[in-house]
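A short worksheet on the structure shown next.
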Amino acid sequence: DAKTTQPTSMDCAEGRAANLPCNHSTISGNEYVYWYRQIHSQGPQYIIHGLKNNETNEMASLIITEDRKSSTLILPHATLRDTAVYYCIVVMYSGGGADGLTFGKGTHLIIQP
Amino acid sequence: ETGVTQTPRHLVMGMTNKKSLKCEQHLGHNAMYWYKQSAKKPLELMFVYSLEERVENNSVPSRFSPECPNSSHLFLHLHTLQPEDSALYLCASSPDIGAGGELFFGEGSRLTVL
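Here it is, written out as structure tokens:
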């Protein structure tokens, strides 16, 4: 799976949009971009994923650049409960065989009141 | 509530004890996973099971022994652990292996080895 690079930490004011960047310059054509978050001492939680089109769900929006070498997760109206470590992970749909997500260090997003 | 339940949530054990962590999923998934998260380190994949069969063991020491009696239950048996094994142990499930990256995680079991 392709490697990802994320900033170590970011701050965002409550009520503003939080934009979390991720670089995945070695991504291949059949690899998806997944985002998870982990609130302190809890299990990671799936947020959203995409291949090449922008995606939106009730939690967030995912913007993937046209060359697919980077993406941005957008939390449109951040709240204090969005303070967490956010992980960007590139995943191949292998259609079989063992797998399991490889988590990096992620971005620690701190929402300021 | 993710549909994946782990017990106990907290466990303290001595190095000579034998204990087990339990994971149960109510999602009808075929794949289950154990991860370890040590302080200030990324999550590490330990074991992967598909339909009760172990399909991956990421060089985990034998003092950790997984068991998957059916596709809804996963255990991690612990024996003669070391203090450095203290960590958050996370269980996850997914519909199938090799089917993408949406995993459902439990809340974790916080293990302290004295």
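So the sequences go chain by chain: V and W. Each residue of the first sequence is one higher than the one before, counting from 137 in our numbering. Each residue of the second sequence is one higher than the one before, counting from 13 in our numbering. Here a beta-carbon is modelled for each residue, glycine too, at the ideal position from N, C-alpha and C.
Whether residue i touches residue j by CB criterion (7 Å)
| i | j | result |
| --- | --- | --- |
| residue 54 (chain W) | residue 139 (chain V) | no |
| residue 105 (chain W) | residue 39 (chain W) | yes |
| residue 193 (chain V) | residue 200 (chain V) | no |
| residue 84 (chain W) | residue 37 (chain W) | yes |
| residue 247 (chain V) | residue 148 (chain V) | yes |
| residue 102 (chain W) | residue 125 (chain W) | no |
| residue 168 (chain V) | residue 156 (chain V) | no |
| residue 227 (chain V) | residue 113 (chain W) | yes |
| residue 23 (chain W) | residue 123 (chain W) | yes |
| residue 245 (chain V) | residue 223 (chain V) | no |
Inter-residue Cα distance where the pair is residue i and residue j
| i | j | result |
| --- | --- | --- |
| residue 173 (chain V) | residue 182 (chain V) | 7 Å |
| residue 46 (chain W) | residue 178 (chain V) | 15 Å |
| residue 52 (chain W) | residue 41 (chain W) | 30 Å |
| residue 233 (chain V) | residue 207 (chain V) | Unreliable placement is indicated for residue 233 (chain V), whose pLDDT of 45 sits below 50; no coordinate value is reported for it. |
| residue 80 (chain W) | residue 44 (chain W) | 9 Å |
| residue 203 (chain V) | residue 225 (chain V) | 17 Å |
| residue 87 (chain W) | residue 32 (chain W) | 7 Å |
| residue 76 (chain W) | residue 237 (chain V) | 20 Å |
| residue 62 (chain W) | residue 109 (chain W) | 7 Å |
| residue 217 (chain V) | residue 97 (chain W) | 30 Å |
| residue 153 (chain V) | residue 64 (chain W) | 43 Å |
| residue 20 (chain W) | residue 34 (chain W) | 7 Å |
| residue 214 (chain V) | residue 151 (chain V) | 5 Å |
| residue 165 (chain V) | residue 190 (chain V) | 16 Å |
| residue 161 (chain V) | residue 82 (chain W) | 40 Å |
| residue 239 (chain V) | residue 28 (chain W) | 31 Å |
| residue 68 (chain W) | residue 59 (chain W) | 5 Å |
Coarse secondary structure for residue i, derived from DSSP in three states
| i | result |
| --- | --- |
| residue 203 (chain V) | coil |
| residue 216 (chain V) | helix |
| residue 73 (chain W) | coil |
| residue 114 (chain W) | coil |
| residue 96 (chain W) | helix |
| residue 195 (chain V) | coil |
| residue 162 (chain V) | coil |
C-beta neighbour in chain B for residue i, strict 7 Å
| i | result |
| --- | --- |
| residue 113 (chain W) | Protein chains V and W are contained in the structure displayed, whereas chain B is not. |
Residues bridged to residue i [DSSP beta-bridge criterion]
| i | result |
| --- | --- |
| residue 36 (chain W) | W:17, W:85 |
| residue 147 (chain V) | V:246 |
| residue 91 (chain W) | W:30 |
| residue 186 (chain V) | V:169 |
| residue 102 (chain W) | W:47 |
| residue 67 (chain W) | Answer by DSSP bridge pairing: none, since residue 67 (chain W) is not bridged. |
| residue 25 (chain W) | W:125 |
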